[in-house]
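Here our numbering is used: position 56 in the sequence shown is 56, and no number is missing along the way.
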Amino acid sequence: MYLELKKRLETRLREVLKAKYELDLESIPVEIPPELDFGELATPVAFELARKLRKAPKMIAQEIVGALGTVEGFAGFEVAGAGYINARLDRAATVRGVAFNEVKPLGDVRNHALVEHTSINPNKAAHIGHLRNAILGDTFVRLLRAAGHKVDVQNYIDNTGVQVADVVVGFQHLEGKSLGDVRALVEERAHVSAASGQFADAIDFYCWDLYARTSQWYEQGSEDEKAVRKKLRYDTLHAIEHGGNETAEVAELISTAVLRRHLETMLRLGIEYDFLPRESEILHLKFWESAFELLKQTGVLYFENEGKNKGCWVMTRPGAETKDGETDEDAKVIVRSNGTVTYVGKDIAYHLWKFGLLGRDFGYKPFFQYPGHVCWISCMNGEEEHPHFGGASAIYNVIDSRQSDPQANVIQALRGMGHTAQADHYTHFSYEMVALTPRCAEELGYEVAEEDRGRPYIEVSGRKGFGVKADDLIDKLIAATLEEVNKRQTGRDAAERQTIAKQIAIGALRYFMLKYTRNSVIAFDFKDALSFEGETGPYIQYAVVRARNIFRKTGTTEKAVLEEFQALMSAQGVQVEAILRAAEAKDIWALWLRVGRRTLTLEQCLTTSEPAYLAKHAFQLAQEFNNFYHKHHILTEEDSTRKTLLLATAAVTLRELVTVLGWLGIESPEAM
């Protein structure tokens, strides 16, 4: 509603400025005033025009207001202060729009967006830092789909990287396991995990400890021993990359088993994927070779004959100037002098495929069955009939801020190759790390040094074995919540209480990860996340339960109430308008306006790639509803018109809360 009215006002202002001043403004600022006393919308456009028109802003504002005339949905316009134009809405028309008008999609379903998120190295269990990536990515997918876009979700699997090599070294050289031993272990652990749900016995938990031990082993012993181990590490890596040997088979077994566990872990949070492209196929299907030729043909890469990059293929830097005979020492190396391709090179090839510019494709085979669809994985020779996942018109990569430079290199390469439109629709959806508060670290059983207890957060490290496995965190959150639910919901059976506890715990975790802007470091804390007070998921969920209780106690439903309200508006719209304009109903009107901000907030989230705006909207909506709930005695209200309005206010708020919580990936429990 708000977005539609805002655009309608912008259009009318643009018409007035064209007719009155012969001005074509590309954008006209229209904003929501900080106080309702100033109206529901306002524009400072007169200030922007003052110098150009050589008039005082107030005079320009008066001229514009005089020319605006009647605008559908608006009650009138006024000049305020030194030149602001305040717009006041037609309140009856607004509540009709909020209550009964179907929300239209913002996007074009023909747009094909590709969101890559999670992308955990398949060498050990997922940890708390991975959860922020996955929750951010999944929520943004939900927002894109809510806006009407076609979206494919990809989870890139680096199954040939050094982290997988480290675990393989651990199996083969620390534990002396053969290929058969590893296969038996994977089968045994997969069976235990699937049968019992005891994640401590799962293969990814086993690899968590082995990875930490291997990392420590590399640093032990004399310098000669360290050198031997380092060579062993890279020999293992090269064997995995080459394929066709026992080491590569061990890597395939482990990475596939760990990947399956990652998908099971994320599914606990309601997170699903469409396609799992693997680095092994990017290597073996010669994606890089095709990209290399294209990069050379377009002049993006050149061979360096001098300087520190001699013998390398490097990327031309825009704006980098060198004199005759000089070399660009800061140029990005894409192919090293020994012929190996850097991470950025492989990433360029992958993104050419994403945009449908490579001329090659993966093989596809089904890998993981979700309740509503199949998740596919890349392979060399796959199914003849399969979905197609490349050829996107927009790309969003959820990758932490430490990868900003490599991401910028890929965009630079696309521009250098002449793919400007694709580069413009390539978004690095960056975010900062997740740490633990000292209190949370101690609750998880870690020993926290005295000097660390006063710090705002403690960083986690999978390599050092200090961190929170995602499944452990989820289990602890559910256990803590269940304890409270058991106290409050004694009349419900154990299965119902478990479901409610899970809904609250997952909601608490997701909201905690989403309420901070992406460039904020998060210090996770159990008590803060699970609190029923303040800006938390449970606080918002409790507002939903409160609203549902209203309809339960009145013996009606939201749908029935809104049908009754529609009849009331047809017969007594003027009376409803009068109630809404009364001073004591200011909070009711404010709540209707808050409900009406859904599409405006959605557009803001998509424009800025920032889901935190929706999290804030949900919290403010719950906060205003709780104030409304305490102030107005809906069940005992004697005036039938006013009672219907109050019930309709609760109904549209409940509908909005359930909708936006769903976009955040949070369920709305029946009880708490």
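C-beta atoms are modelled at their ideal positions from N, C-alpha and C, and glycine is treated no differently.
Exercise for the section: Output yes or no for whether 9 Å exceeds the beta carbon distance between THR256 and GLN172. Expected result: Translated into the one-based positions of the sequence shown, residue 256 becomes position 256. Translated into the one-based positions of the sequence shown, residue 172 becomes position 172. No, the pair does not count as a contact, with Cβ atoms beyond the cut-off.
Practice task
Express the C-alpha separation of ILE500 and ALA494 in angstroms, rounding to a whole number.
Solution key: Your numbering for residue 494 matches position 494 in the sequence shown. Your numbering for residue 500 matches position 500 in the sequence shown. One C-alpha to the other measures close to 10 Å.
Exercise for the section: Select from LEU444, TYR457, PRO456 the residue whose C-alpha is nearest the C-alpha of LEU473. Expected result: For the purposes of this step, residue 473 is taken as residue 473 along the sequence shown, with counting starting at 1. For LEU473, the nearest C-alpha among the options comes from LEU444.
Exercise for the section: Using three-state DSSP, classify ALA435 as helix, strand or coil. Expected result: Walking along the sequence shown from the start, residue 435 turns up at place 435. ALA435: strand per DSSP, three-state reduction.
Problem - Residues of its chain near LEU654, where Cβ-Cβ distance is below 7 Å and the 5 sequence neighbours each way are ignored - result: The residue labelled residue 654 in the question sits at position 654 within the sequence shown. Excluding residues within five positions, the ones whose Cβ falls inside 7 Å are VAL544, ALA547, ARG548, GLU558.
Practice task
Please report the residue range of the alpha helix (DSSP H) in which CYS207 lies.
Solution key: Here the question's residue 207 lines up with position 207 in the sequence shown. Its alpha helix (DSSP H) spans residues 203 to 218.
Practice task
Could I get the ranges of all uninterrupted alpha helix (DSSP H) runs contained in the region 55 to 84, with 4 residues as the minimum, in chain order?
Solution key: 57 to 68
Handout entry: Where CYS605 falls: helix, strand or coil (DSSP)
Key = Reading the sequence shown from its first residue, position 605 is the one you call residue 605. Residue state, collapsed to three classes: helix.
Handout entry: Spatial neighbours of CYS375 in its chain, beta-carbon cut-off 8 Å, leaving aside the 5 residues before and after
Key = The sequence position of residue 375 within the sequence shown is 375, counting from 1. LEU263, GLU272, TYR273, ASP274, PHE275, LEU276, PRO366, PHE367, PHE368, GLN369, listed in sequence order.
Exercise for the section: Please name the residue in LEU661, TRP663, THR649, GLU667 whose C-alpha comes closest to that of VAL95. Expected result: Position 95 of the sequence shown, counted from the start, is the residue given in the question as residue 95. Closest by alpha carbon: THR649.
Exercise for the section: Following the continuous alpha helix (DSSP H) through PRO678, name the residue where it begins and the one where it ends. Expected result: Because the chain spans 1 through 672 in this model, residue 678 falls outside it and cannot be assessed.
Practice task
Please name the residue, chosen from TYR629, ARG91, ARG260, GLY243, that lies closest to ASN123 on a Cα-to-Cα basis.
Solution key: Numbered from its first residue, the sequence shown carries residue 123 at position 123. If we check each option's Cα against that of ASN123, ARG260 comes out closest.
Practice task
Return yes when the Cβ of VAL460 is within less than 9 Å of the Cβ of ILE128, no when it is not.
Solution key: Taking the first residue of the sequence shown as position 1, residue 128 is located at position 128. Taking the first residue of the sequence shown as position 1, residue 460 is located at position 460. The answer is yes: Cβ separation under 9 Å.
Practice task
Per DSSP, which residues does PRO366 bridge with? Please list them.
Solution key: For the purposes of this step, residue 366 is identified with residue 366 of the sequence shown, where counting begins at 1. PRO366 is bridged to TRP376.
Practice task
Return the chain-ordered list of same chain residues with a C-beta closer than 6 Å to the C-beta of ILE120, the five sequence neighbours on each side being excluded.
Solution key: On the sequence shown, position 120 is the one that residue 120 refers to. Closer than 6 Å at the Cβ level, and outside the excluded window around ILE120, lie ALA126, HIS130, HIS262.
Handout entry: Residue from ILE666, GLU63, PHE551, GLU384 with nearest C-alpha to GLY363
Key = Position 363 of the sequence shown holds residue 363. Answer by Cα proximity: GLU384.
Handout entry: Candidates LYS55, ARG415, ALA67: closest to LEU13 by CA position
Key = Along the sequence shown, read from residue 1 onward, the residue named residue 13 stands at position 13. When only C-alpha atoms are compared, the closest one is ALA67.
Problem - Enclosing beta strand (DSSP E) for PHE429 [first to last residue] - result: By 1-based counting over the sequence shown, the position of residue 429 is 429. Its beta strand (DSSP E) spans residues 426 to 429.
Practice task
Output the distance between the C-alpha atoms of GLY339 and TYR426, rounded to the nearest integer angstrom.
Solution key: Position 339 of the sequence shown, counted from the start, is the residue given in the question as residue 339. Position 426 of the sequence shown, counted from the start, is the residue given in the question as residue 426. GLY339 and TYR426: Cα-Cα distance of roughly 28 Å.
Handout entry: Neighbourhood of SER337 by C-beta distance below 6 Å, restricted to the same chain and skipping five residues each side
Key = The count along the sequence shown starts at 1 and reaches residue 337 at position 337. Annotation for SER337: GLY311, CYS312 place their beta carbon closer than 6 Å to its own, counting only its chain and skipping 5 residues before and after.
Practice task
Please report the residue range of the alpha helix (DSSP H) in which ILE395 lies.
Solution key: For the purposes of this step, residue 395 is taken as residue 395 along the sequence shown, with counting starting at 1. Taken as a continuous stretch (DSSP letters only), ILE395 belongs to no alpha helix (DSSP H), being part of the beta strand (DSSP E) at 394 to 398.
Handout entry: For ASP152, the three-state DSSP class (helix, strand or coil)
Key = Translated into the one-based positions of the sequence shown, residue 152 becomes position 152. Strand.
Handout entry: Test item: CB-CB of THR118 and MET1 under 9 Å
Key = Here residue 118 is taken as the residue at index 118 of the sequence shown, counted from 1. Here residue 1 is taken as the residue at index 1 of the sequence shown, counted from 1. Cβ atoms of THR118 and MET1: not closer than 9 Å.
Exercise for the section: Pair every Cβ in the region 75 to 93 with every Cβ in the region 550 to 567, then say whether three or more of these pairs are closer than 8 Å. Expected result: no
Practice task
Answer with yes or no whether the minimum CB distance from ARG488 to chain C is below 9 Å.
Solution key: Of the protein chains in this structure there is only one, and it is not chain C.
Practice task
Could you tell me the boundaries of the alpha helix (DSSP H) in which TRP479 lies?
Solution key: As a first step, residue 479 is located in the sequence shown; it is residue number 479 there, counting from the start. Trp is not the amino acid found at residue 479; the sequence shown has Ala there. Segment 470 to 488, the alpha helix (DSSP H) holding ALA479.
Handout entry: Contact set for ASP152: own chain, Cβ-Cβ below 6 Å, skip 5 residues either direction
Key = Start at 1 with the first residue of the sequence shown, and residue 152 comes out as number 152. Cβ neighbours of ASP152 beyond the five flanking positions: LEU114, ASP274, PHE389.
Problem - Own chain residues within Cβ distance below 6 Å of GLY270, not counting five before or after - result: Within the sequence shown, numbered from 1, the residue matching residue 270 stands at position 270. The answer, listed in chain order, is GLY665.
Problem - Inter-residue Cα distance where the pair is LEU25 and VAL79 - result: Residue 25 sits at position 25 when you count from the first residue of the sequence shown. Residue 79 sits at position 79 when you count from the first residue of the sequence shown. Rounded to whole angstroms, LEU25 and VAL79 show a C-alpha spacing of 21 Å.
Exercise for the section: Inspect the beta-carbon positions of THR31 and LEU17 and report whether they are closer than 9 Å. Expected result: If you number the sequence shown from 1, residue 31 lands on position 31. If you number the sequence shown from 1, residue 17 lands on position 17. It should be pointed out that residue 31 corresponds to Glu in this sequence rather than to Thr. Against a cut-off of 9 Å, the Cβ pair of LEU17 and GLU31 comes out as no contact.
Exercise for the section: Flag this pair as yes or no: are the beta carbons of ASN409 and VAL344 separated by less than 9 Å? Expected result: Taking the sequence shown and counting its residues from 1, one reaches residue 409 at position 409. Taking the sequence shown and counting its residues from 1, one reaches residue 344 at position 344. It is a contact, given that the beta carbons lie within the stated cut-off.
Handout entry: Inter-residue Cα distance where the pair is LEU657 and ALA505
Key = Residue mapping note: residue 657 aligns to position 657 of the sequence shown, counting from 1. Residue mapping note: residue 505 aligns to position 505 of the sequence shown, counting from 1. Rounded to the nearest angstrom, the two C-alpha atoms are 18 Å apart.
Exercise for the section: State buried or exposed for VAL574, treating a residue as buried only when at least 16 other CB atoms are found within 10 Å of its CB. Expected result: Here the question's residue 574 lines up with position 574 in the sequence shown. By the neighbour-count rule (16 or more Cβ atoms within 10 Å), VAL574 is not buried but exposed.
Problem - Same chain, Cβ closer than 6 Å to LEU647, five either side skipped, listed in chain order - result: Locating residue 647 in the sequence shown gives position 647, where the first residue counts as 1. Around LEU647: VAL561.
Problem - Inter-stretch contact at 8 Å, needing at least 3 Cβ pairs: the region 615 to 629 / the region 522 to 541 - result: yes
Problem - LEU3 versus VAL45: straight-line alpha-carbon distance, rounded - result: The residue given as residue 3 occupies position 3 in the sequence shown. The residue given as residue 45 occupies position 45 in the sequence shown. So the alpha carbons of these two residues sit roughly 18 Å apart.
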